[in-house]
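Take a look at the structure set out below.
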Amino acid sequence: MAHHSIHQMWENFKKINPDAPERYAAWSFGNSKKMTDKLAQLVIAGIKTATSSNYLLYDENEAIPYPGLHHIILDGNGKAAAIVETTFVEVVPFDQVTEEHAYLEVEGDRTLKYWRMCTKTFLKKNSRQSIKRSILKYL
Numbered sequence: 001m002a003h004h005s006i007h008q009m010w011e012n013f014k015k016i017n018p019d020a021p022e023r024y025a026a027w028s029f030g031n032s033k034k035m036t037d038k039l040a041q042l043v044i045a046g047i048k049t050a051t052s053s054n055y056l057l058y059d060e061n062e063a064i065p066y067p068g069l070h071h072i073i074l075d076g077n078g079k080a081a082a083i084v085e086t087t088f089v090e091v092v093p094f095d096q097v098t099e100e101h102a103y104l105e106v107e108g109d110r111t112l113k114y115w116r117m118c119t120k121t122f123l124k125k126n127s128r129q130s131i132k133r134s135i136l137k138y139l
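Taking UniProt numbering, I'd label the letters of the sequence shown as residues 1 to 139.
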C-alpha cells in the first residue's frame, strides 16, 4: 500500500500547479534504504537531475517516460520526498551515453567511466537482457 504522504504531496502540488496532470508515477532510486535516502536527498538538492534505465525492460505496449510526465521520488521509507518532471527522453546505445549525462546522474565521481561501470553492474543484476543494445536516459 502506498504511503499517505504520496497522495498528500501530489494534492499540495496540484494546489500550487492547477494545470498539472492527474497522473503521476511514484518510485525510488537505489536498491537499499541508505542508497534510496541518499539519492532522494540529491534530487531534493537539485544535484541529481538525470536518470536512465534499460529500454529493453519495457514491454512492447508499455509507454516509456516522456516529457511532461511527473514523478514523485520516494525516500528509503517509501515516503514522498520530491516531485520531478521529465523534460527530455532519448534512447541511445549504452556506449553512446555522454559525459554530461553521467555527470547529471551523479554516480560516484560523476565521470562517464564510473557511470558505465556502476550502471552495467546494476543493470546486469536486474536484467536478463543485454545492456549493450540500448539505454533510455531522461532528465
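Ideal placement from N, C-alpha and C gives every residue a C-beta, glycine not left out.
Determine the closest residue to residue i out of the options, with distance taken between C-alpha atoms.
i      : options                 : result
Tyr123 : Glu22, Thr111 and Ser53 : A quick correction: the sequence has Leu, not Tyr, at residue 123. The candidate whose alpha carbon is nearest that of Leu123 is Ser53.
Gln8   : Lys33, Ala80 and Asn17  : Ala80
His3   : Asn31, Ile72 and Asp109 : Ile72
Gly108 : Lys38, Trp10 and Ser5   : Lys38
Buried or exposed for residue i, please, with buried defined as at least 16 other CB atoms from any protein chain shown within 10 angstroms of its CB.
i     : result
Trp27 : exposed
Glu62 : exposed
Ala40 : buried
Lys15 : exposed
Assuming residue i and residue j are in contact, meaning their beta carbons sit under 8 angstroms apart, how far apart are those beta carbons, in whole angstroms?
i     : j      : result
Thr87 : Pro67  : 6 angstroms
Ile83 : Phe29  : About 14 angstroms; that fails the 8 angstroms criterion.
Val91 : Tyr114 : Not quite, the Cβ-Cβ distance comes to about 22 angstroms (not below 8 angstroms), so this is no contact.
Gly76 : Lys33  : 3 angstroms
Does the distance from the C-beta atom of residue i to that of residue j stay below 8 angstroms?
i     : j     : result
Ala50 : Glu85 : no
His70 : Ala20 : yes
Tell me the residue span of the alpha helix (DSSP H) that contains residue i.
i      : result
Val43  : Lys33 to Ile44
Glu99  : Glu99 to Glu105
Leu112 : Leu112 to Lys125
Glu11  : His4 to Ile16
Along the beta strand (DSSP E) that carries residue i, what are the first and last residues, could you check?
i     : result
Ile72 : His70 to Leu74
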